[in-house]
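Structure first, commentary second.
Protein chains: 4
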Amino acid sequence: MKAFNELGRKVQRFAKERDWAQFHSPKNLSMALSVECAELMEHFQWLTESQSRRLDRRRKRAVEKELADIQIYLIRISQVLGLDLIEASNGKLLENARKYPVAKARGSAKKYTELK
Amino acid sequence: MKAFNELGRKVQRFAKERDWAQFHSPKNLSMALSVECAELMEHFQWLTESQSRRLDRRRKRAVEKELADIQIYLIRISQVLGLDLIEASNGKLLENARKYPVAKARGSAKKYTELK
Amino acid sequence: MKAFNELGRKVQRFAKERDWAQFHSPKNLSMALSVECAELMEHFQWLTESQSRRLDRRRKRAVEKELADIQIYLIRISQVLGLDLIEASNGKLLENARKYPVAKARGSAKKYTELK
Amino acid sequence: MKAFNELGRKVQRFAKERDWAQFHSPKNLSMALSVECAELMEHFQWLTESQSRRLDRRRKRAVEKELADIQIYLIRISQVLGLDLIEASNGKLLENARKYPVAKARGSAKKYTELK
Chain A
0 MKAFNELGRK VQRFAKERDW AQFHSPKNLS MALSVECAEL MEHFQWLTES QSRRLDRRRK
60 RAVEKELADI QIYLIRISQV LGLDLIEASN GKLLENARKY PVAKARGSAK KYTELK
Chain B
0 MKAFNELGRK VQRFAKERDW AQFHSPKNLS MALSVECAEL MEHFQWLTES QSRRLDRRRK
60 RAVEKELADI QIYLIRISQV LGLDLIEASN GKLLENARKY PVAKARGSAK KYTELK
Chain C
0 MKAFNELGRK VQRFAKERDW AQFHSPKNLS MALSVECAEL MEHFQWLTES QSRRLDRRRK
60 RAVEKELADI QIYLIRISQV LGLDLIEASN GKLLENARKY PVAKARGSAK KYTELK
Chain D
0 MKAFNELGRK VQRFAKERDW AQFHSPKNLS MALSVECAEL MEHFQWLTES QSRRLDRRRK
60 RAVEKELADI QIYLIRISQV LGLDLIEASN GKLLENARKY PVAKARGSAK KYTELK
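Protein chains in written order, with numbering that gives the first Met the number 0: chain A, 0 to 115; chain B, 0 to 115; chain C, 0 to 115; chain D, 0 to 115.
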């Protein structure tokens, strides 16, 4: 995981150099994360699902930047909270496998609370 | 980056086993991402910034799951779009360094459009 | 506008009776608003646009509650900020008419910055 | 409720003149609503709660426009779904009063599921 850890170090250094820790309460970072997610969504709000699968180059580059913004804030908030994103994600996938067993969830978009 | 790539493979397999690609248009995934970000934010909406920095164990575990949900969807949407999250994030950090030079941005929360 | 003003008075009284003004900073209320919008979006994230136009009764009732939550928080944040929602909305519609003249915007989902 | 109904008629006419109904599926409108809520939130993400209560004139005008955008989309989605916002909000306030009885909820930001 050298590249992911290296990215994490860069994100931390970036904030430190700019003395931004004062603004980076988890509360504020959760807002920033949501704002970036909305900037991503804005690219798709008037597109059909089909159009969203066939983005032109310009739009794809713009979307790529939004994904990066989200990843960076996600790393930052996990740092401030002292949480390990990869470990948490692996754990959550296991939990999701229990909530959405293949036999019941296959081909269905139902929320787990509605699966028989 | 073995752990991050391994996580990516798990996320892809998870969706494939459940035949979920049909629901995973970038449009839909951007909505799912925003929904998870809001579930994260819900933990902080009535807390002060200070309280958000000192979460109790129970709350921290809940927040950790939301961060995982966001990371998983972020990986999934980047897969569907054929984009590399780490590469995109490194590129965006370089761009952010240009928008927020240390000399101007240090100690300030101003948006880059407002920095002199 | 008796019904809208009456709703506003109820919203204000509701918060006052519960001594909630302390939590109702505009910052917090903007978070609460976003959280409710995401709860609304969650109903649509895996539906096609077409399915979203033909909701069954149960789903429609659930969506109706989310719209109400959003309206209530919107009224509350405008109260705390001392702003008039109807007046602001009328003003914004005029501005939107300038940004999206019928001749240019008709049948197009383009953002105003991209209209010739 | 003349002013609110008049606003509703304007919102409907605005979309009709521009032949925008094709884009206004409830799914799309829920995304647009969330995007506007995030634009509102962006004004507050680095402010303290206290600062958010004392906005300067320029910022207040900007926030006012975001509130208007949210109100307009909220009216639009309720129109497309054939729902009455005022009626729904009054109903939801009654439900909220049951979930948050004054005796239990006074001075507390706890979610109703956590109130004794």
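All C-beta atoms, glycine included, are put in the ideal place defined by N, C-alpha and C. In this text, all values refer to a predicted model and were calculated from it rather than measured experimentally.
Assigned exposure category for residue i - 16 Cβ within 10 Å defines buried
{"i": "Gln-44(D)", "result": "buried"}
{"i": "Asn-4(C)", "result": "exposed"}
{"i": "Asp-55(C)", "result": "exposed"}
{"i": "Glu-113(A)", "result": "exposed"}
{"i": "Leu-32(A)", "result": "buried"}
{"i": "Val-101(B)", "result": "exposed"}
{"i": "Glu-65(D)", "result": "buried"}
{"i": "Arg-75(A)", "result": "buried"}
{"i": "Lys-1(D)", "result": "exposed"}
{"i": "Glu-63(A)", "result": "buried"}
{"i": "Arg-60(C)", "result": "exposed"}
{"i": "Arg-17(D)", "result": "buried"}
{"i": "Ser-88(A)", "result": "buried"}
{"i": "Leu-28(D)", "result": "buried"}
First through last residue of the alpha helix (DSSP H) which encompasses residue i
{"i": "Gly-90(A)", "result": "84-98"}
{"i": "Lys-60(A)", "result": "Position check: residue 60(A) holds Arg in this sequence, whereas Lys was assumed. Unbroken alpha helix (DSSP H) run through Arg-60(A): 56-80."}
{"i": "Ser-168(A)", "result": "Any property of residue 168(A) remains undetermined from this structure, which presents chain A solely from 0 to 115."}
{"i": "Leu-6(C)", "result": "1-16"}
{"i": "Glu-48(B)", "result": "48-51"}
{"i": "Lys-103(B)", "result": "101-104"}
Check: residue i C-beta below 8 Å from any heavy atom of the ligand HEM
{"i": "Gln-11(B)", "result": "Absence of the ligand HEM from the depicted structure is noted, as is the absence of any ligand whatsoever, leaving it without description."}
Same chain only: Cβ atoms within 7 Å of residue i, ignoring 5 sequence neighbours per side
{"i": "Leu-80(C)", "result": "Pro-25"}
{"i": "Ala-20(B)", "result": "Ala-14"}
{"i": "Leu-6(D)", "result": "Ile-74"}
{"i": "Cys-36(D)", "result": "Ile-69"}
{"i": "Ala-67(C)", "result": "none"}
{"i": "His-23(B)", "result": "Ala-14, Arg-75, Val-79"}
{"i": "Ser-49(A)", "result": "none"}
Chain G residues whose Cβ lies nearer than 9 Å to that of residue i
{"i": "Ala-108(D)", "result": "In the displayed structure, chain G is absent; the protein chains listed are A, B, C and D."}
Same chain, Cβ closer than 8 Å to residue i, neighbours up to 5 away in sequence not counted
{"i": "Asp-83(C)", "result": "Ser-77"}
{"i": "Lys-103(C)", "result": "Leu-114, Lys-115"}
{"i": "Arg-58(A)", "result": "His-42"}
{"i": "Val-34(A)", "result": "none"}
{"i": "Glu-94(D)", "result": "none"}
{"i": "Gly-90(A)", "result": "none"}
6 Å CB neighbourhood of residue i in its chain, flanking five on each side removed
{"i": "Leu-39(C)", "result": "Glu-65"}
{"i": "Arg-123(A)", "result": "In the structure displayed, chain A extends from 0 to 115; residue 123(A) sits before or after that span and is not available."}
{"i": "Lys-98(C)", "result": "Tyr-111"}
{"i": "Met-30(C)", "result": "none"}
{"i": "Ala-96(A)", "result": "none"}
What residues in the stretch 17-50 of chain C have a beta carbon less than 7 Å from any beta carbon of chain D?
-> Arg-17, Asp-18, Phe-22, Ser-24, Pro-25, Lys-26, Asn-27, Ser-29, Met-30, Leu-32, Ser-33, Cys-36, Ala-37, Leu-39, Met-40, Phe-43, Leu-46, Glu-48
For the stretch 65-76 of chain A and the stretch 10-28 of chain A, state whether three or more C-beta atom pairs, one from each stretch, are separated by less than 8 Å.
-> yes
The stretch 103-115 of chain D touching the stretch 27-47 of chain D, judged by at least three CB pairs closer than 8 Å | These segments do not touch.
Which residues, taken in chain order from the stretch 90-106 of chain D, show a beta carbon closer than 8 Å to some beta carbon of chain C?
-> For the stretch 90-106 of chain D, which is checked against every Cβ of chain C, the residues closer than 8 Å are Gly-90, Lys-91, Leu-92, Glu-94, Asn-95, Ala-96, Tyr-99, Val-101, Ala-104, Arg-105, Gly-106.
Identify each residue in the stretch 61-72 of chain C for which the Cβ-Cβ distance to at least one residue of chain D is less than 8 Å, and report them in chain order.
-> Val-62, Glu-63, Lys-64, Leu-66, Ala-67, Asp-68, Ile-69, Gln-70, Ile-71
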